[in-house]
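Residue numbers (the working numbering): 506 to 636. All C-beta atoms, glycine included, are put in the ideal place defined by N, C-alpha and C. Report on one structure; see the data block that follows.
Right under this line is the structure:
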């Protein structure tokens with residue numbers, strides 16, 4: 506269990522892919538009003554294959570929200586839009602690797618919530634534009 510806690514602390518102190526992306530296909534952000542965690546994500550898609558090429562983020566908040574989103578920037582690239590949309594609460598629990606209370610689970614889910622919302626808007630825009 507300690508190795509998972511160390512991983513969370515490492516991702517929190519030294520988050521991966523923690524910067525804006527200039528050529529992003531999607532940008533979205535959200536916050537958890539209960540605790541003040543905020544996440545903004547940038548995603549670059551390969552439109553021909555509908556896969557995620559890269560993902561970056563910026564944000565502030567607790568170690569769980571920031572570390573989990575940092576971890577997602579490693580996991581999500583290479584996944585199809587469908588695969589990202591199907592990431593579940595259980596998948597996030599496994600990624601984090603520590604027991605999470607309901608309040609902490611909300612923190613851990615913020616990053617994937619933002620990514621999935623961005624993809625939903627992307628798909629809605631495609632339908633609207635007849636693509």
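Counting only runs of 4+ residues, the alpha helix (DSSP H) found wholly inside the stretch 564-618 occupies 568-580, 586-590 and 594-601, in chain order. In the structure shown, the three-state DSSP call for residue 521 is coil. For residue 527, there is no enclosing beta strand (DSSP E), since its DSSP letter is neither H nor E.
Take the alpha-carbon of residue 544 and the one of residue 613: they are about 11 Å apart. With a cutoff of 8 Å on beta-carbon distance, residue 553 and residue 615 are scored as not near each other. In this structure, residue 555 keeps its C-beta atom at 8 Å or more from the C-beta atom of residue 592. DSSP lists 545 as the bridge partner or partners of residue 534. Residue 550 has 557 as its beta-bridge partners, per DSSP.
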